[in-house]
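Participant: Per the working numbering, residue 1 is the first one in the sequence shown, and the count goes up by one each step.
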Amino acid sequence: MRIAFLVAPEGVEEIELTEPWKAVLDAGWEPRLVSTEPGTVQAYDHLDKAGTHPVDDVLDSSAPSAGDFDALVLPGGVANPDALRVNEDAVAFTRGFFEAGKPVAAICHAPWTLVEADVLRGRTLTSWPSVATDIRNAGGTWVDEEVRVCRQAPATLVTSRKPDDLEAFCKALVDVFGG
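(1) Can you grab the Cα-Cα spacing for the pair A172 / L25, in whole Å?
(2) Got a sec? Which residues, its chain only, sit under 7 Å from A83 by beta carbon, not counting five neighbours each side?
(3) Can you tell me which residues form a DSSP beta bridge with E10?
(4) Spell out a yes or no on whether the stretch 99–107 and the stretch 155–173 are touching, meaning 3 or more CB-CB pairs, one atom from each, closer than 8 Å.
(5) Tell whether a beta-carbon distance below 7 Å holds between F97 and A50.
(6) Among R161, S160, T156 and P163, which one has its Cα closest to the Cα of E179?
(7) Quickly, what does DSSP pair S193 with across the bridge? List them, please.
(8) For F69, which three-state DSSP category applies?
(9) Taking a contact to mean a Cβ-Cβ separation below 7 Å, would you say V91 touches A117 in this structure?
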(Lines of atoms letter the chains of each structure in order from A; the text may use other names.)
(Lines give C-alpha, C1' and ligand atoms only; values in the text may rest on other atoms or scores of the structure.)
Protein backbone atom coordinates (compact mmCIF):
# COMPACT_ATOMS: atom_id res chain seq x y z
CA MET A 1 0.00 0.00 0.00
CA ARG A 2 1.13 3.54 -0.79
CA ILE A 3 0.31 6.08 1.91
CA ALA A 4 0.47 9.82 1.18
CA PHE A 5 1.68 12.15 3.93
CA LEU A 6 0.57 15.64 2.90
CA VAL A 7 2.56 18.52 4.42
CA ALA A 8 3.38 22.14 3.69
CA PRO A 9 6.98 23.13 2.91
CA GLU A 10 7.38 24.42 6.48
CA GLY A 11 5.66 24.00 9.82
CA VAL A 12 4.78 20.32 10.19
CA GLU A 13 5.12 19.03 13.74
CA GLU A 14 8.06 16.61 13.46
CA ILE A 15 6.80 13.85 15.75
CA GLU A 16 3.36 13.94 14.10
CA LEU A 17 5.12 13.17 10.81
CA THR A 18 7.79 10.72 11.95
CA GLU A 19 5.76 8.49 14.30
CA PRO A 20 2.93 7.73 11.81
CA TRP A 21 5.60 7.36 9.09
CA LYS A 22 7.33 4.71 11.21
CA ALA A 23 3.99 2.95 11.85
CA VAL A 24 3.34 2.81 8.09
CA LEU A 25 6.84 1.41 7.45
CA ASP A 26 6.41 -1.14 10.26
CA ALA A 27 3.15 -2.28 8.62
CA GLY A 28 5.12 -3.00 5.43
CA TRP A 29 3.62 -0.16 3.43
CA GLU A 30 5.23 2.63 1.38
CA PRO A 31 4.95 6.13 2.85
CA ARG A 32 5.36 9.04 0.41
CA LEU A 33 5.96 12.64 1.44
CA VAL A 34 3.73 14.89 -0.66
CA SER A 35 4.08 18.66 -0.55
CA THR A 36 3.23 21.80 -2.48
CA GLU A 37 6.87 22.52 -3.37
CA PRO A 38 9.85 20.34 -4.36
CA GLY A 39 12.95 19.86 -2.24
CA THR A 40 12.66 19.34 1.49
CA VAL A 41 10.14 20.26 4.16
CA GLN A 42 11.18 21.92 7.40
CA ALA A 43 9.65 20.22 10.43
CA TYR A 44 9.29 21.78 13.87
CA ASP A 45 9.25 20.70 17.48
CA HIS A 46 6.52 23.12 18.53
CA LEU A 47 8.18 26.49 17.73
CA ASP A 48 11.75 25.26 17.25
CA LYS A 49 13.17 24.01 13.96
CA ALA A 50 13.65 20.25 13.88
CA GLY A 51 14.59 17.97 10.98
CA THR A 52 14.17 18.36 7.25
CA HIS A 53 12.57 15.66 5.12
CA PRO A 54 12.84 15.08 1.35
CA VAL A 55 9.69 15.53 -0.71
CA ASP A 56 8.74 12.49 -2.81
CA ASP A 57 5.83 13.97 -4.77
CA VAL A 58 4.89 17.58 -5.56
CA LEU A 59 1.27 18.63 -5.85
CA ASP A 60 0.36 20.52 -8.96
CA SER A 61 -2.49 20.56 -11.43
CA SER A 62 -1.23 17.43 -13.19
CA ALA A 63 -0.13 15.04 -10.41
CA PRO A 64 -0.28 13.32 -8.00
CA SER A 65 -3.90 12.56 -7.14
CA ALA A 66 -5.74 10.50 -4.55
CA GLY A 67 -5.89 7.77 -7.17
CA ASP A 68 -2.14 7.26 -6.82
CA PHE A 69 -2.43 6.29 -3.13
CA ASP A 70 -4.37 3.96 -0.83
CA ALA A 71 -4.72 6.33 2.15
CA LEU A 72 -3.79 9.80 3.42
CA VAL A 73 -2.11 11.00 6.62
CA LEU A 74 -2.36 14.68 7.58
CA PRO A 75 0.19 15.52 10.30
CA GLY A 76 -0.37 18.63 12.37
CA GLY A 77 1.59 21.60 13.58
CA VAL A 78 -0.09 25.00 13.53
CA ALA A 79 1.57 26.48 10.42
CA ASN A 80 1.40 23.29 8.35
CA PRO A 81 -2.39 22.85 7.95
CA ASP A 82 -2.88 26.61 7.89
CA ALA A 83 -0.66 26.76 4.77
CA LEU A 84 -2.32 23.71 3.20
CA ARG A 85 -5.85 25.03 3.64
CA VAL A 86 -5.13 28.01 1.37
CA ASN A 87 -3.52 25.89 -1.35
CA GLU A 88 -6.10 24.78 -3.93
CA ASP A 89 -4.08 21.73 -5.01
CA ALA A 90 -3.69 20.53 -1.39
CA VAL A 91 -7.39 20.99 -0.67
CA ALA A 92 -8.41 19.19 -3.88
CA PHE A 93 -5.94 16.38 -3.17
CA THR A 94 -7.40 15.93 0.33
CA ARG A 95 -11.00 16.05 -0.91
CA GLY A 96 -10.13 13.41 -3.52
CA PHE A 97 -9.52 10.77 -0.83
CA PHE A 98 -13.01 11.30 0.57
CA GLU A 99 -14.59 11.25 -2.89
CA ALA A 100 -12.75 7.98 -3.65
CA GLY A 101 -13.76 6.41 -0.33
CA LYS A 102 -10.15 6.05 0.84
CA PRO A 103 -9.23 6.35 4.54
CA VAL A 104 -7.74 9.52 5.99
CA ALA A 105 -5.96 10.13 9.31
CA ALA A 106 -5.45 13.62 10.77
CA ILE A 107 -3.91 14.76 14.05
CA CYS A 108 -3.81 17.97 16.08
CA HIS A 109 -4.43 21.05 13.87
CA ALA A 110 -4.60 18.99 10.64
CA PRO A 111 -8.43 19.02 10.50
CA TRP A 112 -8.13 22.65 9.32
CA THR A 113 -7.35 21.19 5.89
CA LEU A 114 -10.45 18.97 6.18
CA VAL A 115 -12.57 22.02 7.06
CA GLU A 116 -11.41 23.73 3.87
CA ALA A 117 -12.01 20.56 1.83
CA ASP A 118 -15.65 20.62 3.06
CA VAL A 119 -15.66 16.94 4.10
CA LEU A 120 -16.74 17.16 7.74
CA ARG A 121 -20.55 17.48 7.56
CA GLY A 122 -22.10 14.79 9.73
CA ARG A 123 -18.75 13.44 10.94
CA THR A 124 -17.54 13.10 14.54
CA LEU A 125 -13.87 13.80 15.13
CA THR A 126 -11.30 15.17 17.51
CA SER A 127 -8.42 17.63 17.16
CA TRP A 128 -6.42 20.16 19.09
CA PRO A 129 -9.11 22.01 21.12
CA SER A 130 -8.66 25.35 19.32
CA VAL A 131 -9.88 23.73 16.07
CA ALA A 132 -13.20 22.62 17.63
CA THR A 133 -15.19 25.71 16.59
CA ASP A 134 -13.97 25.42 12.99
CA ILE A 135 -15.03 21.75 12.93
CA ARG A 136 -18.48 22.61 14.30
CA ASN A 137 -18.86 25.47 11.81
CA ALA A 138 -18.00 22.99 9.02
CA GLY A 139 -20.85 20.69 10.11
CA GLY A 140 -18.85 18.21 12.19
CA THR A 141 -19.17 17.16 15.81
CA TRP A 142 -16.07 17.70 17.94
CA VAL A 143 -15.22 15.34 20.82
CA ASP A 144 -12.36 15.45 23.32
CA GLU A 145 -10.96 11.92 22.90
CA GLU A 146 -7.51 10.37 22.48
CA VAL A 147 -8.48 8.89 19.13
CA ARG A 148 -11.74 8.87 17.19
CA VAL A 149 -12.58 6.67 14.20
CA CYS A 150 -15.53 7.94 12.17
CA ARG A 151 -16.73 5.37 9.65
CA GLN A 152 -19.25 7.60 7.91
CA ALA A 153 -19.31 6.88 4.17
CA PRO A 154 -17.68 7.32 1.83
CA ALA A 155 -14.32 7.43 3.70
CA THR A 156 -13.23 6.41 7.19
CA LEU A 157 -11.57 9.20 9.17
CA VAL A 158 -9.11 8.66 12.06
CA THR A 159 -8.35 11.69 14.25
CA SER A 160 -6.40 12.49 17.42
CA ARG A 161 -5.80 15.61 19.50
CA LYS A 162 -2.05 15.98 20.08
CA PRO A 163 1.39 14.35 20.16
CA ASP A 164 0.57 12.62 23.48
CA ASP A 165 -2.08 10.65 21.54
CA LEU A 166 0.33 9.35 18.89
CA GLU A 167 0.47 5.75 20.14
CA ALA A 168 -3.33 5.38 19.89
CA PHE A 169 -3.42 7.38 16.63
CA CYS A 170 -0.80 5.19 14.94
CA LYS A 171 -2.49 1.98 16.09
CA ALA A 172 -5.88 3.17 14.82
CA LEU A 173 -4.58 4.35 11.45
CA VAL A 174 -2.76 1.04 10.85
CA ASP A 175 -5.92 -0.89 11.82
CA VAL A 176 -8.13 1.25 9.57
CA PHE A 177 -5.74 1.44 6.62
CA GLY A 178 -5.09 -2.31 6.79
CA GLY A 179 -8.74 -3.26 7.22
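Even for Gly, the Cβ is constructed at its ideal location relative to N, Cα and C.
Facilitator: Reading it off the structure:
(1) 15 Å
(2) A8 and G11
(3) Q42
(4) yes
(5) no
(6) Checking the sequence, you will find Gly at residue 179 rather than Glu. The shortest Cα separation from G179 among R161, S160, T156 and P163 belongs to T156.
(7) Within the shown structure, residues of the chain are numbered from 1 to 179, placing residue 193 beyond reach of any answer.
(8) coil
(9) yes
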